[in-house]
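Numbering (the numbering used here), first residue to last: 9 to 139.
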């Protein structure tokens, strides 16, 4: 008696026993099944082909998962780049504010210098007129 378990198929043996396929029971003595007429080597070939198919499915699933991970990584990298660009824009704004503050201080200094110069000119002119 040869009993081979095939994935998602009926269990095959040489006696009329009850087989289970997807949780549905039936009596093999009353039902014809392809696996009942195949010999052991054919059953093994079918089993190996099914295993190869399952292996390929798993490999494809792994590749799909890897691609999804790569896509996620790209999204994360893009987000990180956007954050860095935002940080740079903030720093540029801060530099522009500092430049404006410097320009304001320079203007204020020029105003003070102009006032001092005007005051000096007035006092000098006034002192020259008195002489």
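Using N, Cα and C, we set each Cβ at its ideal position, and we do this for glycine too.
Quick caveat, the model's predicted, so the values are computed rather than measured.
Quick one: grab the DSSP three-state call for residue 47.
coil
For the stretch 95-137, list the alpha helix (DSSP H) runs that are entirely contained and at least 4 residues long, ordered along the chain.
none
Between residue 110 and the rest of its own chain, which residues show a CB-CB distance below 8 angstroms, the 5 nearest in sequence each way excluded?
none
Distance, residue 70 Cα to residue 34 Cα:
Caution applies to residue 34, whose pLDDT of 48 falls short of 50 and renders its modelled position unreliable; the model cannot decide the point.
Strictly under 8 angstroms for the Cβ-Cβ distance: is residue 117 near chain C by that measure?
Looking at the structure shown, chain C is missing, and only one protein chain is on hand.
When you compare only the Cα positions, how much space is there between residue 68 and residue 78?
15 angstroms
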